[in-house]
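Novice:
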Amino acid sequence: MILPFEHIRVFRRKGVIKPILIREPQGVLDTLIDVYRDHVDKKRGTLAEVLGDCEYLGYNFRLVRGVASVLDSSSVFQSRSAMPPLEARRQVFTEAAKWVVISKEDRLEVMSEVASRNGVTVEELDDSLYSDLEAEQYLVEFNAPTPNDLSFYYNYAHTVALLAYSKRIEISFKGEDRQLVNQFIGLGEEEPTRGSKMVVRLKSTNRLARRASRIDAVLSRLLGTEGWLLRADIKYPAQYKTTCVFEIDSRGDGRLLKTEPVEEELIIEIPIVARKKWLKYGEIVVLDEVAERLGVTNGKVLREIKEEGGEYRKLGGVLLVPAKYDEIKEALESIETLGEARSYMKTLGVRDFMQVLESFGYQVEWLKPRKSSRLYRF
Numbered sequence: 151m152i153l154p155f156e157h158i159r160v161f162r163r164k165g166v167i168k169p170i171l172i173r174e175p176q177g178v179l180d181t182l183i184d185v186y187r188d189h190v191d192k193k194r195g196t197l198a199e200v201l202g203d204c205e206y207l208g209y210n211f212r213l214v215r216g217v218a219s220v221l222d223s224s225s226v227f228q229s230r231s232a233m234p235p236l237e238a239r240r241q242v243f244t245e246a247a248k249w250v251v252i253s254k255e256d257r258l259e260v261m262s263e264v265a266s267r268n269g270v271t272v273e274e275l276d277d278s279l280y281s282d283l284e285a286e287q288y289l290v291e292f293n294a295p296t297p298n299d300l301s302f303y304y305n306y307a308h309t310v311a312l313l314a315y316s317k318r319i320e321i322s323f324k325g326e327d328r329q330l331v332n333q334f335i336g337l338g339e340e341e342p343t344r345g346s347k348m349v350v351r352l353k354s355t356n357r358l359a360r361r362a363s364r365i366d367a368v369l370s371r372l373l374g375t376e377g378w379l380l381r382a383d384i385k386y387p388a389q390y391k392t393t394c395v396f397e398i399d400s401r402g403d404g405r406l407l408k409t410e411p412v413e414e415e416l417i418i419e420i421p422i423v424a425r426k427k428w429l430k431y432g433e434i435v436v437l438d439e440v441a442e443r444l445g446v447t448n449g450k451v452l453r454e455i456k457e458e459g460g461e462y463r464k465l466g467g468v469l470l471v472p473a474k475y476d477e478i479k480e481a482l483e484s485i486e487t488l489g490e491a492r493s494y495m496k497t498l499g500v501r502d503f504m505q506v507l508e509s510f511g512y513q514v515e516w517l518k519p520r521k522s523s524r525l526y527r528f
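Our numbering numbers the first residue of the sequence shown as 151 and each following residue consecutively.
#1: Does DSSP put R357 in a helix, in a strand, or in coil?
#2: Within 10 angstroms of its Cβ, does V226 collect 16 or more other Cβ (buried), or is it exposed?
#3: Among V160, G336, E486, which has the Cα closest to the Cα of S363?
#4: Need the endpoints of the beta strand (DSSP E) that D399 sits in, please.
#5: Work out the CA separation of Y303 and L358 for me, nearest whole Å.
#6: Output the distance between the C-alpha atoms of K168 and L313, rounded to the nearest integer angstrom.
#7: With burial defined as no fewer than 16 other Cβ atoms inside 10 Å of the residue's Cβ, what is the status of Q287: buried or exposed?
#8: Among the candidates R360, R463, D203, whose CA atom is the shortest distance from the CA of T181?
#9: Would you mind reading off the limits of the alpha helix (DSSP H) that contains P550?
#10: Drop a sphere of 10 angstroms on the beta-carbon of Y306, count the other beta-carbons inside from all chains shown, and report buried for 16 or more, exposed for fewer.
#11: List the endpoints of the continuous beta strand (DSSP E) containing R344.
#12: How is E413 classed by DSSP in three states: helix, strand or coil?
#13: So, for G377: in the same chain, excluding its five sequence neighbours on each side, which residues have a beta-carbon less than 7 Å away from its beta-carbon?
#14: Rounding to the nearest angstrom, what Cα-Cα distance links L171 and I434 in this structure?
#15: Can you find the residues in the same chain that come closer than 7 Å, C-beta to C-beta, to R162, ignoring five residues on each side of it along the sequence?
#16: To which residues of the same chain is G467 closer than 8 Å at the C-beta, ignoring the five residues directly before and after it?
#17: Under three-state DSSP, which class holds E376?
#18: Go to Y288, then tell me how far its beta strand (DSSP E) extends in each direction, as first and last residue.
#19: Going by DSSP, what residue range makes up the alpha helix (DSSP H) through S529?
#20: Would you call V423 buried or exposed, if buried means 16 or more other Cβ atoms sit within 10 Å of its Cβ?
#21: Give the DSSP-derived three-state secondary structure of I170 in the structure shown.
#22: Taking the alpha-carbon positions, what's the P154 to G216 distance?
#23: Which residue comes first and which comes last in the beta strand (DSSP E) that contains M348?
#24: Label I252 either buried or exposed according to how many other C-beta atoms from any shown protein chain fall within 10 Å of its C-beta, with 16 as the threshold for buried.
#25: Consult DSSP for Q513 and reduce its assignment to one of helix, strand or coil.
#26: What are the residues that DSSP puts in a beta bridge with F323?
#27: For the beta strand (DSSP E) containing Y455, name the first residue and the last one.
#28: Below 8 Å on the Cβ atoms is my contact criterion, and I expect A265 with L279 to pass it. Report the Cβ-Cβ distance as a whole number of Å.
#29: Counting along the chain, where does the alpha helix (DSSP H) carrying F302 start and finish?
#30: Terminal residues of the continuous alpha helix (DSSP H) containing V331?
#31: Pick out whichever of I485, K518, Y386 has its Cα sitting closest to the Cα of H157.
#32: Whole angstroms is fine: what's the gap from G165's alpha carbon to R159's?
#33: Roughly how many angstroms separate the alpha carbons of I418 and R194, rounded to a whole number?
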C-alpha cells in the first residue's frame with residue numbers, strides 16, 4: 151500500500167524529516183468512511199465531487215486525498231457495460247446523425263432505437279456509453295475499516311511513499327528472516343556492515359512507483375519482526391539540496407503503522423470455457439486519441455493498460471490485441487482506396503484511422519476526390 155506521492159506531508163527540522171502521521175482520532179476519518187459507505191452503488195465521479203467538498207470543511211486537502219486513496223484500496227469499483235463503450239458510442243452517434251436532437255425527448259428516442267437494436271435497456275446503454283471512463287465506474291463494494299485502523303493504514307502508506315525518496319536505508323531486527331534480507335538487499339547496492347545491521351545505497355530513479363512497491367514489501371515484512379529499526383537518508387522532494395534523516399522503530403512511531411490484512415484467495419475450478427477478458431480500452435487503442443479524450447498523458451494510458459494485464463501488440467502509437475492485428479492486416483491487403491479504409495475502420499470504432507494505417511506501414515497517394523486516394527505500403 152503506497153500513498154500517491156503528491157499527497158506526502160512532511161515535518162522537517164534541523165536535518166530531520168518525518169511524515170506527518172495521524173496520532174489520534176480525527177473527524178476526517180469518520181467523515182470519509184461515511185462518504186464511501188453512502189456512495190456504494192454510485193459512480194466514482196459523484197464520489198469524487200463529495201470528496202472534493204470535504205476539502206472545504208477545514209481539513210488539509212492532502213490529508214483528505216491521501217486518506218481517500220487508502221479507502222480506495224478497501225473499495226471495489228466496476229464498470230457497468232452491457233456492450234463495448236466504443237461500439238455503443240459509434241451506434242448512438244450514427245443514429246443521432248439521422249435526427250435533429252435538440253431535447254431530452256429526442257435523445258431518448260435515439261437511445262431507445264439503439265438499445266432495442268442491441269437487446270439492452272436504455273439505462274444499460276446509457277451506462278455503457280462512457281463506461282471506459284474512470285469517473286463512470288460504480289462503487290460496488292466497500293469494506294469499511296475502523297477509524298483507528300484507517301489511521302494506521304494511512305500512516306503506513308505515507309511512510310512507504312516518503313521512503314521512496316531514500317538515498318540510503320539501514321535496517322536491523324531480532325531473529326532471522328532470509329526472505330526479508332533478500333528483499334532488502336534487492337533495493338540497491340549493499341554496504342559492508344558489522345553485526346545485525348544491514349545497509350543499502352539507492353541510486354536516483356524516475357521510477358518511484360516501482361521503488362516504492364519494493365520498499366512496501368520490505369517494510370510490511372519488517373513490521374512482523376521484533377525489535378526492528380529503520381533509518382534512512384531522504385532527499386525529498388527530489389530537487390531538495392540536501393538529504394535529511396528519518397528514523398522509525400518498533401518501540402516508537404512504528405506502533406502507528408499497520409498493513410491492510412491480505413484476504414486469502416479461494417480458488418474454485420469451474421470446468422467451463424473461460425469468458426473472454428473485457429478490456430477497458432477495447433481491442434484497438436490509438437494512444438493519442440484516448441489520451442486526448444481522457445485529458446491524460448499517453449504514459450498514463452500505457453501504465454493503466456499494463457496494470458490491467460491485457461495482451462496488446464504495439465505499433466507506434468497504436469495498440470492492438472493479437473487477433474485484431476491479424477484481422478486488420480488481412481483486411482487491408484484487399485483495400486485499395488482511402489474511402490474503403492475509412493469505412494472499414496469506422497466499423498471498428500476507430501476515429502483516427504490514418505494513424506492505424508500508418509502503424510501498419512501504409513501511405514496515401516493523394517488524389518481527388520480524397521476518398522479515391524490510393525493506399526500503398528512502404
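Yeah, the Cβ is synthetic: ideal placement off N, Cα and C, and Gly gets one too.
Specialist: Straight from the coordinates:
#1: R357 falls in the coil class under three-state DSSP.
#2: Counting of Cβ neighbours within 10 angstroms places V226 among the exposed residues, the total staying below 16.
#3: Nearest Cα to S363 within the set V160, G336, E486: G336.
#4: Unbroken beta strand (DSSP E) run through D399: 394 to 399.
#5: Approximately 20 Å, taken between the alpha carbons.
#6: Taking C-alpha positions only, K168 is separated from L313 by approximately 10 Å.
#7: Result: buried.
#8: It is D203 whose Cα lies nearest to the Cα of T181.
#9: The question about residue 550 has no answer, for the chain in this structure spans 151 to 528.
#10: Classification for Y306: buried.
#11: From DSSP, R344 is part of no beta strand (DSSP E); its letter is neither H nor E.
#12: Interpretation of E413 is limited by its pLDDT of 44, a score under 50 that renders its predicted location unreliable; no figure is taken from the coordinates.
#13: The residues are F323, K324, S400.
#14: In a straight line, the C-alpha of L171 is about 44 Å away from that of I434.
#15: Excluding sequence neighbours, R162 sits near C394.
#16: Cβ neighbours of G467 beyond the five flanking positions: V436, L437, D438, N448, Q505, S509.
#17: DSSP places E376 in strand when its eight states are reduced to three.
#18: Start and end: 288 to 292.
#19: In this structure the chain extends from 151 to 528, so residue 529 is not present and cannot be described.
#20: For V423, the pLDDT reaches just 41, beneath the cut-off of 50, and the residue's location in the model is therefore unreliable, although a value from the coordinates is still provided. With fewer than 16 other Cβ atoms inside 10 Å of its own Cβ, V423 counts as exposed.
#21: DSSP places I170 in coil when its eight states are reduced to three.
#22: About 7 Å.
#23: DSSP places M348 inside the beta strand (DSSP E), whose first and last residues are 348 to 351.
#24: By the beta-carbon neighbour count (other beta carbons within 10 angstroms, threshold 16), I252 is exposed.
#25: Strand.
#26: Beta bridge pairing from DSSP links F323 with no other residue.
#27: Residue 455 is actually Ile in this sequence, not Tyr. Secondary structure note for I455: it is in no beta strand (DSSP E), and the uninterrupted alpha helix (DSSP H) holding it is 448 to 458.
#28: The Cβ separation is near 11 Å, so there is no contact.
#29: From DSSP, the alpha helix (DSSP H) with F302 extends over 297 to 313.
#30: Taken as a continuous stretch (DSSP letters only), the alpha helix (DSSP H) holding V331 covers 328 to 335.
#31: Closest by C-alpha distance to H157, out of I485, K518, Y386, is Y386.
#32: Going by the C-alpha atoms only, they are around 16 Å apart.
#33: Residue confidence for I418 is low, a pLDDT of 43 falling below 50, so the modelled location carries little weight; the figure read from the coordinates is stated next. Looking at the two C-alpha atoms, the distance is approximately 30 Å.
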